[in-house]
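Following: one structure in structure tokens, then a few remarks.
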Amino acid sequence: MRKFNLVFYFSGGGQFACEIEAEDMATAGSIAESLELRLSGCKGYDLYVKKEDK
Numbered sequence: 003m004r005k006f007n008l009v010f011y012f013s014g015g016g017q018f019a020c021e022i023e024a025e026d027m028a029t030a031g032s033i034a035e036s037l038e039l040r041l042s043g044c045k046g047y048d049l050y051v052k053k054e055d056k
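Counting in the working numbering, the sequence shown runs from 3 upward without gaps.
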């Protein structure tokens with residue numbers, strides 16, 4: 003599993019950031035899209051691969 007940073011943007015300028023785990027970017031994108039549809043006032047999201055701590 004890989005870790006991804008996910009940031010949702012809301013009308014009015016609000017943001018919500020979280021971390022998710024998924025097998026790959028396609029799966030993480032599917033999770034993000036599903037969550038976006040459930041969040042009231044969500045206007046989009048950014049999805050990034052989380053950098054590994056060394």
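We put the CB at the ideal spot given by N, CA and C, even for glycine.
Per DSSP, which residues does residue 22 bridge with? Please list them.
-> 6
Residue 41 beta carbon less than 9 angstroms from that of residue 6 | no
Could you give the DSSP three-state label for residue 37: helix, strand or coil?
-> helix
Should residue 10 be labelled buried (16 or more other beta-carbon atoms within 10 Å of its own) or exposed?
-> Residue 10 comes out buried.
Give the secondary structure of residue 43 by DSSP, where H, G and I count as helix, E and B as strand, and everything else as coil.
-> coil
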